[in-house]
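Here the sequence shown stands for residues 2 to 551, numbered as in my numbering. All C-beta atoms, glycine included, are put in the ideal place defined by N, C-alpha and C. Please read these numbers as outputs of a predicted model, since none were measured by experiment. Please read the structure below before turning to the comments.
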Amino acid sequence: MSIFDDRRFLIPFRSQLLPQLFTDTLIVGAGVAGMRGAIEAALHGNVIVLAKGPLDLSNSQYAQGGIAAALAEDDSTAAHFLDTMTAGAGLCEVPAVRILVDEGPGEIERLIQGGMRVDRAQCGALALGLEGGHGRARIVHCDGDMTGRELMRALSASVRTTAGIRLFDKCFAIDLCVDSQGRVTGALTWHPRFGLQVIWARATILAAGGAGQVYRESSNPRVATGDALAMAWRAGVLVRDVEFMQFHPTTLYVAGAPRHLISEAVRGEGAVLVDRAGNRIMAGLHPQEDLAPRDVVTRGIVEHLARSGDSHAFLDARLLTSTGFSKRFPGLAEMLAGFGIDGGRDLIPIHPAAHYTVGGVQTDVDGRTSLMGLYACGEVASNGVHGANRLASNSLLEGLVFGRRAVIAAIKDSLADPVPMQWESRVRTSVAGELDLDDVRSSLRSAMWRNVGIVRDGAKLRDCLDMFSFWGRYALGSVFDNPEGWETQNLLTVGHLMTRAAAERRETRGAHIRSDWPLADPAGAFHLGWVLGESAARRTPVGSEVWSAS
Ligand code: SIN
Numbered sequence: 002m003s004i005f006d007d008r009r010f011l012i013p014f015r016s017q018l019l020p021q022l023f024t025d026t027l028i029v030g031a032g033v034a035g036m037r038g039a040i041e042a043a044l045h046g047n048v049i050v051l052a053k054g055p056l057d058l059s060n061s062q063y064a065q066g067g068i069a070a071a072l073a074e075d076d077s078t079a080a081h082f083l084d085t086m087t088a089g090a091g092l093c094e095v096p097a098v099r100i101l102v103d104e105g106p107g108e109i110e111r112l113i114q115g116g117m118r119v120d121r122a123q124c125g126a127l128a129l130g131l132e133g134g135h136g137r138a139r140i141v142h143c144d145g146d147m148t149g150r151e152l153m154r155a156l157s158a159s160v161r162t163t164a165g166i167r168l169f170d171k172c173f174a175i176d177l178c179v180d181s182q183g184r185v186t187g188a189l190t191w192h193p194r195f196g197l198q199v200i201w202a203r204a205t206i207l208a209a210g211g212a213g214q215v216y217r218e219s220s221n222p223r224v225a226t227g228d229a230l231a232m233a234w235r236a237g238v239l240v241r242d243v244e245f246m247q248f249h250p251t252t253l254y255v256a257g258a259p260r261h262l263i264s265e266a267v268r269g270e271g272a273v274l275v276d277r278a279g280n281r282i283m284a285g286l287h288p289q290e291d292l293a294p295r296d297v298v299t300r301g302i303v304e305h306l307a308r309s310g311d312s313h314a315f316l317d318a319r320l321l322t323s324t325g326f327s328k329r330f331p332g333l334a335e336m337l338a339g340f341g342i343d344g345g346r347d348l349i350p351i352h353p354a355a356h357y358t359v360g361g362v363q364t365d366v367d368g369r370t371s372l373m374g375l376y377a378c379g380e381v382a383s384n385g386v387h388g389a390n391r392l393a394s395n396s397l398l399e400g401l402v403f404g405r406r407a408v409i410a411a412i413k414d415s416l417a418d419p420v421p422m423q424w425e426s427r428v429r430t431s432v433a434g435e436l437d438l439d440d441v442r443s444s445l446r447s448a449m450w451r452n453v454g455i456v457r458d459g460a461k462l463r464d465c466l467d468m469f470s471f472w473g474r475y476a477l478g479s480v481f482d483n484p485e486g487w488e489t490q491n492l493l494t495v496g497h498l499m500t501r502a503a504a505e506r507r508e509t510r511g512a513h514i515r516s517d518w519p520l521a522d523p524a525g526a527f528h529l530g531w532v533l534g535e536s537a538a539r540r541t542p543v544g545s546e547v548w549s550a551s
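Structure (structure tokens):
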């Protein structure tokens with residue numbers, strides 16, 4: 002047993018003094034999955050959506066490439082299915098992928114009808130982009146590389162004009178409320194103005210994104226600290242496949258600058274990866290070369306850098322020219338110009354960085370988790386669509402399709418009586434100040450990058466586990482009263498879980514690369530599931546889940 006198996010942080014909380022609210026559906030997270038879910042939930046009752054930061058700060062907002070779907074005349078859902086399965090390296094669940102590719106086009110059409118702008122060719126047809134792992138151009142985009150911004154504008158506009166939805170920004174969900182029958186009945190939250198409050202709900206939906214901030218090098222915004230995953234873990238939910246963190250091949254590598262994403266769509270337009278001497282990095286490594294699935298390209302880059310001793314590689318987009326680059330990628334052109342780089346004239350310095358949390362809270366195809374009353378969708382969920390490596394631009398699509406599905410299931414089985422007759426508070430007084438939180442957080446992120454990064458090995462993973470267990474003893478034992486403290490505890494919990502899972506999977510598969518186990522295990526097509534309090538992982542062969550079909 003380690004400190005991470007300790008239930009001490011799990012509420013139930015009770016205090017007559019804590020304000021209480023009640024809602025039919027509580028959605029934690031205001032990215033694409035949460036907002037899509039809210040629109041659906043409002044058809045059936047009232048909804049509260051929580052965003053821990055400003056409403057416009059989510060990974061979805063920053064999405065560049067776009068939304069993948071078989072919309073072209075000569076494309077097919079079968080082809081999209083096949084590309085998704087191939088990228089997923091043997092861990093995708095067929096029913097989930099089928100739902101994704103089949104329901105995706107309808108979701109996009111609904112968005113367009115609802116007012117979302119998309120880029121079109123002169124003839125009026127959708128201008129579709131190409132990205133890694135896709136056999137053909139099928140990425141719907143907007144304003145070139147600002148798809149997330151327009152998608153979230155369109156969804157937020159619908160949410161704001163839909164009756165029955167309340168949006169709480171800067172509201173941090175600390176823990177889930179779990180009743181004596183093990184049902185999730187809402188969440189304990191904190192707001193800088195209103196303090197602690199309990200929100201009881203007939204259905205609680207986690208849509209709070211991933212945990213990219215657990216790595217020092219990450220394309221994710223500051224808010225991506227894995228809070229929902231950690232909170233669900235403390236509540237006793239089954240989490241799955243958390244060893245799979247996707248590293249995006251191309252983030253900007255400039256000293257002191259954030260690791261800005263350089264969309265894969267740039268390679269889709271013909272840019273190639275080169276080293277300092279101008280040698281092509283991906284030539285001969287994969288039939289799709291620079292447009293191979295993301296894990297293959299990331300691996301190609303880091304192995305090339307290890308051989309050459311260089312600190313970074315380059316993206317050569319000069320065939321687009323300055324004008325072509327800034328026309329197709331206006332957001333990127335502006336961001337690069339801030340560093341004195343002309344994307345269509347200069348080589349762009351890049352290095353892979355953590356980008357997408359592939360594993361998460363295990364769900365069925367309707368977002369149901371292992372706990373009654375709790376649902377998950379979007380990046381926090383592991384529903385089988387991404388396998389061991391997500392296909393480019395399938396994440397916004399997943400948020401749309403499964404955000405809706407999770408809500409439909411949640412409404413169907415919603416709890417009649419979430420508010421308990423009696424409840425008990427276990428709020429302890431704060432001893433914040435004992436710890437230098439910035440130091441804990443930056444030590445954790447560096448340790449994750451060094452030891453649980455793109456290429457892993459057993460010895461480093463084990464060292465890291467010992468270190469995290471030690472840190473956990475004091476960092477998880479402290480009681481905080483601010484988001485910085487809770488986030489640091491959540492990052493530590495998620496980092497520990499990821500390290501434990503990475504040590505357990507003794508093979509190389511998809512985004513999980515082990516230098517000491519360099520090949521895929523022919524018997525490795527299983528999910529690794531973890532539940533608080535259980536000492537061993539649950540191994541579930543792919544295809545053996547009992548899928549609900551509501
Ligand atoms: C990109 O534009 O390269 C990122 C899209 C994604 O992560 O799917």
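DSSP-derived helix/strand/coil call for residue i
i           : result
residue 201 : strand
residue 523 : coil
residue 350 : strand
residue 77  : coil
residue 518 : coil
residue 192 : strand
residue 1   : The requested residue 1 does not occur in the structure, where the chain is confined to residues 2 to 551.
residue 465 : helix
residue 16  : Only weak support is given to the placement of residue 16: the predicted model assigns it a pLDDT of 48, under 50, and the question is left unresolved by the model.
residue 458 : coil
residue 271 : coil
residue 305 : helix
residue 114 : helix
residue 147 : coil
residue 183 : coil
residue 499 : helix
residue 120 : coil
Closer than 6 angstroms: residue i CB and nearest ligand 1 heavy atom
i           : result
residue 270 : no
residue 65  : yes
residue 212 : no
residue 265 : yes
residue 448 : no
residue 410 : no
residue 396 : yes
residue 393 : yes
Whole-number beta carbon distance between residue j and residue i, since they are thought to touch under 8 angstroms
i           : j           : result
residue 511 : residue 493 : That belief does not hold up - the Cβ atoms of residue 511 and residue 493 are roughly 25 angstroms apart, past 8 angstroms.
residue 108 : residue 394 : That pair is no contact at about 13 angstroms.
residue 251 : residue 412 : Wrong, their Cβ atoms sit about 41 angstroms apart, outside the cutoff.
residue 165 : residue 47  : 5 angstroms
residue 534 : residue 541 : No, residue 534 and residue 541 are not in contact; Cβ-Cβ is about 18 angstroms, not under 8 angstroms.
residue 314 : residue 282 : 6 angstroms
residue 1   : residue 368 : Any answer about residue 1 is impossible in this case: the structure gives the chain only from 2 up to 551.
residue 140 : residue 129 : 6 angstroms
residue 302 : residue 353 : 6 angstroms
residue 69  : residue 243 : Rounded, the Cβ-Cβ distance is 24 angstroms, inconsistent with contact.
Closer than 7 angstroms to chain B by CB, residue i
i           : result
residue 162 : The chain inventory of the structure shown lacks chain B, comprising one protein chain alone.
Is the stretch 98-109 in contact with the stretch 521-535, if contact means three or more CB pairs nearer than 8 angstroms?
no
Whether or not the stretch 357-369 and the stretch 223-232 are in contact is what I'm after, with contact meaning three or more pairs of Cβ atoms, one per stretch, closer than 8 angstroms; do they touch?
yes
Just checking, does the stretch 146-160 make contact with the stretch 112-123 on the three C-beta pairs under 8 angstroms criterion?
yes
Is it a yes or a no for the stretch 266-275 touching the stretch 370-377, going by three-plus beta-carbon pairs under 8 angstroms?
no
Can we say the stretch 433-447 touches the stretch 400-407, given the rule of at least three CB pairs closer than 8 angstroms?
no
Within the chosen definition, does the stretch 23-32 reach the stretch 41-49 through at least 3 CB pairs nearer than 8 angstroms?
yes
Quick test of the definition: if touching needs 3 or more C-beta pairs under 8 angstroms, does the stretch 338-346 touch the stretch 379-391?
no
Three Cβ pairs or more, each shorter than 8 angstroms: is that satisfied between the stretch 320-332 and the stretch 271-281?
yes
With three or more C-beta pairs closer than 8 angstroms as the rule, is the stretch 162-179 touching the stretch 187-205?
yes
Is the number of C-beta pairs between the stretch 209-218 and the stretch 445-453 that are closer than 8 angstroms three or more?
yes
Below 8 angstroms, can you find three or more Cβ-Cβ pairs linking the stretch 30-40 to the stretch 51-59?
yes
Is the stretch 484-500 close to the stretch 230-246, with three or more CB pairs under 8 angstroms?
yes
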